[in-house]
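Asks: Got a structure for you, written out below as structure tokens; questions coming shortly.
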Amino acid sequence: MEFDFATSVERRHPAQGDWPSQKWHQYAEDVLPLWVADMDFRSPPAVTEALHERVAHGVYGYGLVPESLRQALCDWSAAHYGWAIEPDWQLWLPGVVPALHLASLALTAPGDGVLTVTPIYPPFLQVAERTGRVPQQAALRPPEAEGDDWRLDLEALEAAITPETRLLLWCQPHNPTGRVWRADELDGLAALVERHDLLVVSDELHCDLLLDEGARHRPLAAAYPGLAERTLTLWAPSKTFNLAGLTAACAVIPDAGLRRRFANMAKGLQPDGNVLGLVAAEAAYRHGDPWRQALLETLRGHRRRLAERVASWPGVRMAPPASTYLAWLDLREAPALRDVASPQQALLERAGVALSDGAAFGWPGFVRLNFGTTATQLEAALVRLDDVLRG
Ligand SMILES: Cc1ncc(COP(=O)(O)O)c(C=O)c1O
-10 MEFDFATSVE
0 RRHPAQGDWP
10 SQKWHQYAED
20 VLPLWVADMD
30 FRSPPAVTEA
40 LHERVAHGVY
50 GYGLVPESLR
60 QALCDWSAAH
70 YGWAIEPDWQ
80 LWLPGVVPAL
90 HLASLALTAP
100 GDGVLTVTPI
110 YPPFLQVAER
120 TGRVPQQAAL
130 RPPEAEGDDW
140 RLDLEALEAA
150 ITPETRLLLW
160 CQPHNPTGRV
170 WRADELDGLA
180 ALVERHDLLV
190 VSDELHCDLL
200 LDEGARHRPL
210 AAAYPGLAER
220 TLTLWAPSKT
230 FNLAGLTAAC
240 AVIPDAGLRR
250 RFANMAKGLQ
260 PDGNVLGLVA
270 AEAAYRHGDP
280 WRQALLETLR
290 GHRRRLAERV
300 ASWPGVRMAP
310 PASTYLAWLD
320 LREAPALRDV
330 ASPQQALLER
340 AGVALSDGAA
350 FGWPGFVRLN
360 FGTTATQLEA
370 ALVRLDDVLR
380 G
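Here the working numbering is used: the first residue of the sequence shown is -10, the next is one more, and so on.
Structure follows, in structure tokens:
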């Protein structure tokens, strides 16, 4: 079946009405937005059909999570990751970011340390403070030479741990680098977690978007039996199938005690499931895989094109992401941006391209570029960036 990832969908001025999007309405009209992580593609046709059917019913009162959705996620997990999860391990909620905060509130106490690695998706850096805990961070090891990739620095991670450290916020595949962690990195991480008796929130939101042939996602809780009882796995169809605005995500929690604590904390702080989001999630997991395969082909092409261009920009470096539609660019040695306080701001002003500022991820001098868009839009942005970065 053919899917269309080439036709631009109007998101700034849709003909049907006023439906502002964060991505397209944050900046001036002439700016090309390659920042926040949503894609410019329509979701799988099967999702839209399921939504049409649900909307036609016309009653949108409080819903329940359908057993058929729970089963669809069990089937997806078994088929793609060989992990036999149970329907009742699933707590559906409106987003992954709320789950990060709920986990901190539910599983730690004031004064406890909440640890993460940087660079990292910005909300990870805010969870501890927002929930009255102590933020703790360790840096990843950046690539040292051409062909290197970002690496987990286990020594740095261990050095950041104190007796107060209780919870690790972990991200795999990793936003913003796109790393799919190697087995030896994960082996070391798992041993460290057990050694220090930590709990883990493993944000695996991007796990269905592996671009490297041969790359394999191993859910942390499945790969290490010793971690299953201390890990909350966060999954959602939102990145894979471009459904973020429908707010449906799932915490998979095998341990009954952790599940109870998390669910109790969620009561009163989050709404019941979004009935349309749950319908969309089920349709995506049941029928969306051919669309996803076609999407991955498109994204691989975009990644190739981006890597070629980055190679032509003096002083700009990128380890091609093994997953996700996000690229993490090191601009610290770009002569064209020497002396600017913020490369992101400079590229916004000089090129009219909106990227995400690395400073928010804990690494100033970097930007994150979202290539989940049409080839036409990507090319238009690359031409603008050429003008500035080729000097
Ligand atoms: C790693 C990661 N976690 C969480 C989120 C946000 O998830 P949600 O919209 O479900 O809160 C994103 C969005 O880009 C992300 O990349």
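The beta carbon of each residue, even a glycine, is placed where N, CA and C say it ideally should be. Remember, predicted model here, so these are calculated numbers, not experimental data.
1) D201 and A300: beta carbons closer than 7 Å?
2) Go through its chain and collect everything with a Cβ distance to V377's Cβ below 7 Å, but skip five positions before and after it.
3) For Q79, which residues does DSSP report across the bridge?
4) Whether or not the region 105 to 113 and the region 145 to 162 are in contact is what I'm after, with contact meaning three or more pairs of Cβ atoms, one per stretch, closer than 8 Å; do they touch?
5) Decide yes or no for the touch test of the region 285 to 293 against the region 172 to 184: beta carbon pairs closer than 8 Å, at least 3 of them.
6) At which residue ranges does the region 184 to 232 contain complete alpha helix (DSSP H) runs of 4 or more residues, listed in the order of the chain?
7) Please confirm if R249 has its CB atom under 7 Å from at least one CB of chain B.
8) Would you tell me roughly how many angstroms separate the C-alpha atoms of I150 and I109, rounded to the nearest one?
9) Compare the Cα-Cα distances from V123 to each of D138, G102, G136, E135 and report the closest residue.
10) Helix or strand or just coil, what does DSSP make of Q125?
11) Candidates D137, P279, G262, R249: which alpha carbon is nearest R168's?
12) Looking at Y110 and ligand 1, is the gap between the Cβ and the nearest heavy atom below 6 Å?
13) Determine the closest residue to M28 out of L198, Q334, R219, with distance taken between C-alpha atoms.
14) Would DSSP call G47 helix, strand or coil?
15) Are three or more beta carbon pairs between the region 240 to 255 and the region 22 to 36 nearer than 8 Å?
16) Here's the rule: buried if 16 or more other CB atoms are within 10 angstroms of the residue's CB, otherwise exposed. What is W8?
17) Take V85 and list the residues in its own chain whose beta-carbon comes closer than 7 Å to its own, dropping the five residues that flank it on each side.
18) What separation, rounded to the nearest whole angstrom, lies between the Cα atoms of G234 and A26?
19) Does the Cβ-Cβ distance between A343 and V20 come in under 7 Å?
20) If we call anything under 7 Å between Cβ atoms a contact, is Q334 one with V356?
21) Residues in its own chain within less than 6 Å of T220 by CB, not counting five upstream and five downstream?
22) Between the region 45 to 63 and the region 262 to 270, do at least 3 Cβ pairs fall closer than 8 Å?
23) For the putative contact between V305 and A330, defined by C-beta atoms under 8 Å, what is the C-beta separation to the nearest angstrom?
24) Which of helix, strand or coil does DSSP assign to A145?
25) Going by the CB atoms, is the gap between I74 and V182 shorter than 7 Å?
26) My assumption, with CB atoms under 8 Å, is that R292 sits in contact with P309. Please give the rounded CB distance.
27) Quick check on DSSP: helix, strand or coil for S66?
28) I need the DSSP call for G266, collapsed to helix, strand or coil.
29) Measuring only from the beta carbon, is V85 closer than 6 Å to any heavy atom that is part of ligand 1?
30) Kindly list the residues whose CB is nearer than 7 Å to the CB of Y274, restricted to its own chain and excluding five residues on each side of it in sequence; keep chain order.
31) Please return the same chain residues whose Cβ sits closer than 7 Å to the Cβ of N231, not counting the five positions on each side in sequence.
32) Going by DSSP in three states, N359 sits in which element: helix, strand or coil?
33) Where DSSP assigns a beta bridge to R140, which residues make up the other side?
34) With the cut-off set at 7 Å, would you say W139 and S345 are in Cβ contact?
35) For P22, count the other beta carbons within 10 Å of its own beta carbon; 16 or more makes it buried, fewer makes it exposed. Which is it?
36) For P131, collect the residues of the same chain with a Cβ closer than 7 Å to its Cβ; drop the 5 residues on either side in sequence, then sort them by chain order.
Replies: Quick look at the numbers:
1) no
2) A325, L336, R339, A340
3) V241
4) yes
5) no
6) 209 to 212, 214 to 217
7) Among the protein chains of the structure shown there is no chain B, as only one such chain exists.
8) 18 Å
9) G102
10) strand
11) D137
12) yes
13) L198
14) coil
15) no
16) exposed
17) D192, L194, L223, A225, A238
18) 12 Å
19) yes
20) no
21) V189, S191, L209, A210
22) yes
23) About 18 Å separates the two Cβ atoms, so there is no contact after all.
24) helix
25) no
26) 6 Å
27) helix
28) helix
29) yes
30) A61, L62, W65, P226
31) D27, M28, F30, S32
32) strand
33) R130
34) no
35) buried
36) W139
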